[in-house]
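Report on one structure; see the data block that follows.
Protein chains: 2
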Amino acid sequence: MSVQNAMTADFLRSAYGGESMAHMRYLIWSNVANKENMPNIGRLFRAIAYAEYAHADNHFRELKDKKGDFTVPAGAIFGVGNTVENLQGGIDGELHEIEQMYPVYLETARFQKEKGAERAFHYALEAEKVHATLFQKAQDIARQGKDMDVGTIYVCDICGHTTTDGLPDQCPICGAKKEAYKTFEP
Amino acid sequence: MSVQNAMTADFLRSAYGGESMAHMRYLIWSNVANKENMPNIGRLFRAIAYAEYAHADNHFRELKDKKGDFTVPAGAIFGVGNTVENLQGGIDGELHEIEQMYPVYLETARFQKEKGAERAFHYALEAEKVHATLFQKAQDIARQGKDMDVGTIYVCDICGHTTTDGLPDQCPICGAKKEAYKTFEP
Ligand SMILES: [Fe+2]
Ligand SMILES: [Fe+2]
Ligand SMILES: [Fe+2]
Ligand SMILES: [Fe+2]
Ligand SMILES: [Fe+2]
Ligand SMILES: [Fe+2]
Numbered sequence: 001m002s003v004q005n006a007m008t009a010d011f012l013r014s015a016y017g018g019e020s021m022a023h024m025r026y027l028i029w030s031n032v033a034n035k036e037n038m039p040n041i042g043r044l045f046r047a048i049a050y051a052e053y054a055h056a057d058n059h060f061r062e063l064k065d066k067k068g069d070f071t072v073p074a075g076a077i078f079g080v081g082n083t084v085e086n087l088q089g090g091i092d093g094e095l096h097e098i099e100q101m102y103p104v105y106l107e108t109a110r111f112q113k114e115k116g117a118e119r120a121f122h123y124a125l126e127a128e129k130v131h132a133t134l135f136q137k138a139q140d141i142a143r144q145g146k147d148m149d150v151g152t153i154y155v156c157d158i159c160g161h162t163t164t165d166g167l168p169d170q171c172p173i174c175g176a177k178k179e180a181y182k183t184f185e186p
Numbered sequence: 001m002s003v004q005n006a007m008t009a010d011f012l013r014s015a016y017g018g019e020s021m022a023h024m025r026y027l028i029w030s031n032v033a034n035k036e037n038m039p040n041i042g043r044l045f046r047a048i049a050y051a052e053y054a055h056a057d058n059h060f061r062e063l064k065d066k067k068g069d070f071t072v073p074a075g076a077i078f079g080v081g082n083t084v085e086n087l088q089g090g091i092d093g094e095l096h097e098i099e100q101m102y103p104v105y106l107e108t109a110r111f112q113k114e115k116g117a118e119r120a121f122h123y124a125l126e127a128e129k130v131h132a133t134l135f136q137k138a139q140d141i142a143r144q145g146k147d148m149d150v151g152t153i154y155v156c157d158i159c160g161h162t163t164t165d166g167l168p169d170q171c172p173i174c175g176a177k178k179e180a181y182k183t184f185e186p
């Protein structure tokens, strides 16, 4: 069943817009990192872009019966700089989602008893926490003019959980089996 | 040089939001087509999603010096139905861009002498015309419960030109050489 309440539906659409734009700018910033000869940071941007796709997909599917065209207001970070600057854009965007956007959207979904939206917002909120940490790590290294030293990056198809610490047996956010992880290899 | 005028900058941000959301819903609708055993229509959605990425990338790069966070209003089509219905969503979105959005954005960019934005909007407008036609063809076939009969799909990396009629020698929209085309093979 699709979302019922108008406020939660509005928040799902805004979150979909925000995730779609985040997905897109991470793909663009990935290309910048590759050109700066930081292929691992480029790959991190690409993996996290995929996680944002999983979030957008979850939000969109919760809206599946709310058909038609809408003007969607959504937050986004703009600008193309060097990779240290672009990573700051990544950190700023993730922190806004972690500290402001998703906590309010999640509280609203709980208040309005929208179970599907609650799950979609919860998955995104938890995954964004990891994204902020990974972008911060990448920026610390990029500031030294170096690329990250990172092997395969794994992203959970269901909730967007992202890890550089090897393939988990089970997703710590959504409980999916390891087969649900998409791999981004060096 | 990045865009100078506030109105054209607003329109670039809205177009970026719209293209990012179109990219995302075409990926989602591609998965639906694949599940309905229409892999060629699934591939068409995926190829056109890539063209929308090229448009979003162009708009974002015209805004490269307009750094910071913005709340972006942008139009998007919502809903997940069967593939015939999803293709109608594709047609509706493309027609809005062709008949209303991009003509106004393009006129404004010309009026404000924003050469870069003019090019980005022109590329998108011309590519969307092909997208509307391709989605209409796909829908006519999907209505008969059949998949499209289509070989390699080519998408120009620079302007998003999309064709099922073989690799052009030169892009008819932006003039790029054939090496600029990304291929989507059966
Ligand atoms: Fe996200
Ligand atoms: Fe994120
Ligand atoms: Fe997960
Ligand atoms: Fe487009
Ligand atoms: Fe299009
Ligand atoms: Fe082109």
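Going line by line, the protein sequences match chains D and E. Sequential numbering of the first sequence, starting at 1, is according to the UniProt record's numbering. Sequential numbering of the second sequence, starting at 1, is according to the UniProt record's numbering. We put the CB at the ideal spot given by N, CA and C, even for glycine. Here the structure is a predicted model, which means the values were calculated and not measured.
Would you kindly check if the distance between the Cβ of H96(D) and the Cβ of L106(D) is under 8 Å?
no
Counting only beta-carbon separations shorter than 8 Å, does D23(D) have a partner in chain E?
The question names Asp, but residue 23(D) in the sequence shown is His. Output row for H23(D): interface = yes.
Determine the closest residue to V84(D) out of H55(D), N34(D), I173(D), Q170(D), with distance taken between C-alpha atoms.
N34(D)
With 16 as the cutoff for other CB atoms within 10 Å, does N82(E) come out buried or exposed?
Exposed, because fewer than 16 other Cβ atoms sit within 10 Å of the Cβ of N82(E).
Could you name the residues of chain D that D92(E) contacts, counting a contact when the two beta carbons are closer than 8 Å?
By Cβ distance, chain D contributes D69.
Against chain E, with Cβ distances strictly below 8 Å, would I41(D) count as a contact?
Not closer than 8 Å to any Cβ of chain E, the Cβ of I41(D) fails to qualify, so no.
Taking 8 Å as the CB-CB cut-off, is P73(D) touching chain E?
Yes, P73(D) counts as interfacial toward chain E.
Spell out the partners DSSP gives Q170(E) in its beta bridges.
K177(E)
Start-to-end residues for the beta strand (DSSP E) that takes in G68(D)
Boundaries of the beta strand (DSSP E) around G68(D): 68-78.
If you count every other CB in all the chains shown that lies within 10 Å of the CB of A120(D), and 16 or more means buried, which is it?
Burial call: buried.
Note down, in chain order, each residue of its chain lying with its Cβ closer than 8 Å to the Cβ of F70(E), except the 5 sequence neighbours on either side.
R13
For K182(E), which of helix, strand or coil comes out of DSSP?
strand
Alpha carbon to alpha carbon, how far is D92(E) from A145(D)? Give it in angstroms, no decimals.
With the sequence shown as reference, residue 145(D) is identified as Gly, and Ala is not the correct amino acid for it. Whole-angstrom Cα-Cα distance: 47 Å.
Would you mind stating whether A109(D) and G160(D) have Cβ atoms separated by less than 8 Å?
no
What are the complete beta strand (DSSP E) segments, minimum 3 residues, inside the UniProt domain "Ferritin-like diiron" (2-146) of chain E?
Runs found: 68-78.
So the candidates are F45(E), Q4(E), G18(E); which of them puts its Cα closest to the Cα of P186(E)?
Ranking F45(E), Q4(E), G18(E) by Cα distance to P186(E) puts F45(E) first.
Would you say the beta carbon of G160(E) comes nearer than 7 Å to a heavy atom of ligand 4?
yes
Assuming K64(D) and G79(E) make a contact with CB atoms under 8 Å, what is their CB distance in whole Å?
6 Å
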